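Enquirer: Quick one: this structure, given as structure tokens, is what I'll be asking you about.
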Amino acid sequence: MNPITYTRAADPAAATQELSASPKTRLLGGGTNLLDLMKMGVETPDRLVDVTRLDLAKVEELPDGKGVRIGALARNSDLAEHPLIKERYPVLSEALLAGASPQLRNMATTGGNLLQRTRCYYFYDPAFAQCNKRQPGSGCAALEGYNRIHAILGQSSECIATHPSDMCVAMAALDAVVRVQGPKGEREIPFAEFHRLPGDHPPTDPTHHHHHLLTAVHQPAAPWAKKSHYLKVRDRASYAFALVSVAAALETEGGKIKTARVALGGVAHKPWRSHEAEEKLVGAEPTAENFKLAADAAMKHAKGYKYNDFKVELARRSIVRALGNVSGTQVV
Ligand SMILES: Cc1cc2nc3c(=O)[nH]c(=O)nc-3n(C[C@H](O)[C@H](O)[C@H](O)COP(=O)(O)OP(=O)(O)OC[C@H]3O[C@@H](n4cnc5c(N)ncnc54)[C@H](O)[C@@H]3O)c2cc1C
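1809 is the number that this note's numbering gives the last residue of the sequence shown; the numbers go up by one with no jumps.
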């Protein structure tokens, strides 16, 4: 048995103070990931600090047309259905609605979604002795094991786990900015720098320090994002994590692509923005042929590990399909 103290943070400063008090303190959002990990014995906190009563659940316009502020405690279902999100960032609404189930989305918070942990079987189950993410130095069982859901991009010889979030793939495409509050105050982290690749230190997922409370995500104004789309490919039509997903946005002018965004889920340790694909698209015509060239560029360095080899071709085809859907181009 692990004795745990439970407290409710009165304000953000109290939450960060509690975090500083012990490295084994965990903040409790919706609890849909943390409590599962505690039941499995993967997370063993000694303090749980409930942050769900903090006034951080609003979704509102930023001043001067700068975009939208999403409070870290906004629930996934509220965010998905919010008129500002549906109208300006359809890819974000679609990504949220593609995740989990309605009950889970009603509980899950924006901050918790950002910090949810990998669904790698070997990480999730302490009965497996080898997992560098759970037990540094123990090895990576997925490399030679059953690795159907694992990474094909950005992986290391230490870890081939993937980031499981749908919401984060859309945020990566939309250049979101994460706001965190630590002992020294609040600061901003560009989305691309928020999550990390495993490298030689798989245990750490985000780049920011443990002592930080997520307070908000700022979604910069992006007129091009009105034409955006999320495509998720999975084993079941609902209630399943992505094998591969694509967040895509395209803006065209005079028959050529002016702005392009392509981000992938289910393929890497972090939401994977494909600048290679975007570079191929900008200035090109929105044709199936050009979408295929962009998909090839995105997958140039992809590598499978036997059971997930299929993901390379699946990702390629998903990129073409997502770009076809968002542009209204026939791609088959
Ligand atoms: C059966 C099942 C299916 C699912 N399917 C999908 C899916 O298809 N797609 C998908 O994207 N997700 C899926 N999920 C995952 C789900 O989206 C996450 O569990 C959820 O988003 C986590 O949010 P939460 O608020 O419950 O986080 P919690 O479980 O409360 O917390 C997760 C982590 O974030 C930390 N945390 C929480 N809030 C803050 C904060 N404000 N500041 C700092 N740290 C914080 C916690 O300490 C913890 O480490 C699924 C989950 C389950 C159980």
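Cβ coordinates follow ideal geometry from the N, Cα and C atoms, glycine included.
Since we're looking at a predicted model, the values are computed, not measured.
Is the CB-CB distance between VAL1528 and LEU1505 below 8 Å?
Expert: As a position in the sequence shown, residue 1528 is number 51, starting the count at 1. As a position in the sequence shown, residue 1505 is number 28, starting the count at 1. Result yes, Cβ atoms of VAL1528 and LEU1505 sit closer than 8 Å.
Enquirer: Please give me, in chain order, every unbroken run of the alpha helix (DSSP H) with length at least 4 that falls completely inside the segment 1529-1568.
Expert: 1553-1558 and 1560-1565, all fully within the segment 1529-1568.
Enquirer: Give the secondary structure of CYS1645 by DSSP, where H, G and I count as helix, E and B as strand, and everything else as coil.
Expert: Reading the sequence shown from its first residue, position 168 is the one you call residue 1645. Three-state DSSP puts CYS1645 in a helix.
Enquirer: Under a criterion of Cβ closer than 5 Å to any non-hydrogen atom of ligand 2, which residues qualify, in chain order?
Expert: Ligands present in the displayed structure are limited to ligand 1, and ligand 2 is not among them.
Enquirer: My understanding is that ILE1562 touches VAL1694, with C-beta atoms under 8 Å, so please give their C-beta distance in whole angstroms.
Expert: For this step, residue 1562 is matched to residue 85 along the sequence shown. For this step, residue 1694 is matched to residue 217 along the sequence shown. Wrong, their Cβ atoms sit about 11 Å apart, outside the cutoff.
Enquirer: Determine the burial state of TYR1716: buried for a count of at least 16 other Cβ atoms within 10 Å of its Cβ, exposed for fewer.
Expert: As a working note, residue 1716 is residue 239 in the sequence shown. So TYR1716 counts as exposed.
Enquirer: Which residues bound the beta strand (DSSP E) around GLY1760?
Expert: Position 283 of the sequence shown holds residue 1760. Run containing GLY1760: none; DSSP gives neither H nor E here.
Enquirer: Does the segment 1669-1683 come into contact with the segment 1636-1652, if we say contact requires no fewer than three beta-carbon pairs (one atom in each stretch) closer than 8 Å?
Expert: yes
Enquirer: Using only the alpha-carbon positions, how far apart do ASN1785 and PRO1540 sit?
Expert: Taking the sequence shown and counting its residues from 1, the one referred to as residue 1785 is at position 308. Taking the sequence shown and counting its residues from 1, the one referred to as residue 1540 is at position 63. Cα to Cα, ASN1785 sits roughly 45 Å from PRO1540.
Enquirer: Give me the Cα-Cα distance between ALA1765 and ALA1799, rounded to the nearest whole angstrom.
Expert: In the sequence shown, counting from the first residue as 1, residue 1765 sits at position 288. In the sequence shown, counting from the first residue as 1, residue 1799 sits at position 322. The alpha-carbon atoms of ALA1765 and ALA1799 are separated by roughly 11 Å.
Enquirer: Could you name the residues of the same chain whose beta carbon sits closer than 6 Å to that of ALA1649, not counting the 5 residues immediately before and after it, in chain order?
Expert: Position 172 of the sequence shown, counted from the start, is the residue given in the question as residue 1649. Cβ within range, chain order: PHE1668, ALA1740, PRO1748 and ARG1750.
Enquirer: In whole angstroms, what is the alpha-carbon distance linking ARG1524 and LYS1661?
Expert: Locating residue 1524 in the sequence shown gives position 47, where the first residue counts as 1. Locating residue 1661 in the sequence shown gives position 184, where the first residue counts as 1. ARG1524 and LYS1661: Cα-Cα distance of roughly 22 Å.
Enquirer: Using 8 Å as the threshold, is the C-beta distance between ALA1745 and LYS1757 below it?
Expert: Taking the sequence shown and counting its residues from 1, the one referred to as residue 1745 is at position 268. Taking the sequence shown and counting its residues from 1, the one referred to as residue 1757 is at position 280. No, the pair does not count as a contact, with Cβ atoms beyond the cut-off.
Enquirer: Taking the alpha carbon of PRO1697 as the reference point, which residue from ARG1565, ASP1555, LEU1531 and THR1484 has its own alpha carbon closest?
Expert: Residue numbering aside, residue 1697 sits at position 220 when the sequence shown is read from its first letter. Minimum Cα distance to PRO1697 is reached at ARG1565.
Enquirer: For the segment 1665-1748, list the alpha helix (DSSP H) runs that are entirely contained and at least 4 residues long, ordered along the chain.
Expert: 1668-1671
Enquirer: Can you name the start and end residues of the beta strand (DSSP E) that THR1442 belongs to?
Expert: Residue coverage of the chain in this structure runs from 1478 to 1809, which leaves residue 1442 outside it and unanswerable.
Enquirer: Comparing the C-beta of ILE1481 with each C-beta of chain D, is any distance below 8 Å?
Expert: Structure shown: chain D not included; a single protein chain is present.
Enquirer: Can you give the Cα-Cα distance for VAL1723 and LYS1703, rounded to whole angstroms?
Expert: For the purposes of this step, residue 1723 is taken as the residue at position 246 of the sequence shown. For the purposes of this step, residue 1703 is taken as the residue at position 226 of the sequence shown. Going by the C-alpha atoms only, they are around 16 Å apart.
Enquirer: Tell me the rounded alpha-carbon separation between PHE1436 and THR1729.
Expert: In the structure displayed, the chain extends from 1478 to 1809; residue 1436 sits before or after that span and is not available.
Enquirer: Measure the C-alpha to C-alpha separation of ASP1682 and CYS1636 and round it to an integer number of angstroms.
Expert: The count along the sequence shown starts at 1 and reaches residue 1682 at position 205. The count along the sequence shown starts at 1 and reaches residue 1636 at position 159. Straight-line measurement puts the Cα of CYS1636 at about 12 Å from the Cα of ASP1682.
Enquirer: Going by DSSP in three states, GLY1662 sits in which element: helix, strand or coil?
Expert: Here residue 1662 corresponds to residue number 185 of the sequence shown, with the count starting at 1. DSSP places GLY1662 in strand when its eight states are reduced to three.
Enquirer: Can the beta-carbon of ASN1553 be found closer than 8 Å to that of ALA1585?
Expert: The residue given as residue 1553 occupies position 76 in the sequence shown. The residue given as residue 1585 occupies position 108 in the sequence shown. It is a contact, given that the beta carbons lie within the stated cut-off.
Enquirer: Measuring alpha carbon to alpha carbon, tell me which residue in ARG1794, SER1804 and ALA1779 is nearest SER1633.
Expert: Your numbering for residue 1633 matches position 156 in the sequence shown. Nearest C-alpha to SER1633: ALA1779.
Enquirer: Kindly list the residues whose CB is nearer than 7 Å to the CB of ASP1677, restricted to its own chain and excluding five residues on each side of it in sequence; keep chain order.
Expert: Stepping through the sequence shown from its first residue, residue 1677 is reached at position 200. The residues are SER1633 and GLU1635.
Enquirer: Classify GLY1742 as buried or exposed, calling it buried when 16 or more other Cβ atoms lie within 10 Å of its own Cβ.
Expert: The residue given as residue 1742 occupies position 265 in the sequence shown. GLY1742 should be labelled buried.
Enquirer: Is the Cβ-Cβ distance between GLN1607 and TYR1601 less than 8 Å?
Expert: The sequence position of residue 1607 within the sequence shown is 130, counting from 1. The sequence position of residue 1601 within the sequence shown is 124, counting from 1. With contacts defined as CB atoms closer than 8 Å, GLN1607 and TYR1601 fail to qualify as a contacting pair.
Enquirer: Just to confirm, are ARG1794 and MET1776 a CB contact at a threshold of 8 Å?
Expert: The residue given as residue 1794 occupies position 317 in the sequence shown. The residue given as residue 1776 occupies position 299 in the sequence shown. Contact: no.
Enquirer: Could you pull out every residue in the same chain whose Cβ sits closer than 6 Å to the Cβ of PRO1613, ignoring the five residues on either side in sequence?
Expert: In the sequence shown, counting from the first residue as 1, residue 1613 sits at position 136. Result list for PRO1613: PRO1680, in chain order.
Enquirer: Tell me which same chain residues have a C-beta within less than 6 Å of the C-beta of PHE1718, skipping the five on either side of it?
Expert: On the sequence shown, position 241 is the one that residue 1718 refers to. The answer, listed in chain order, is ARG1596 and PRO1641.
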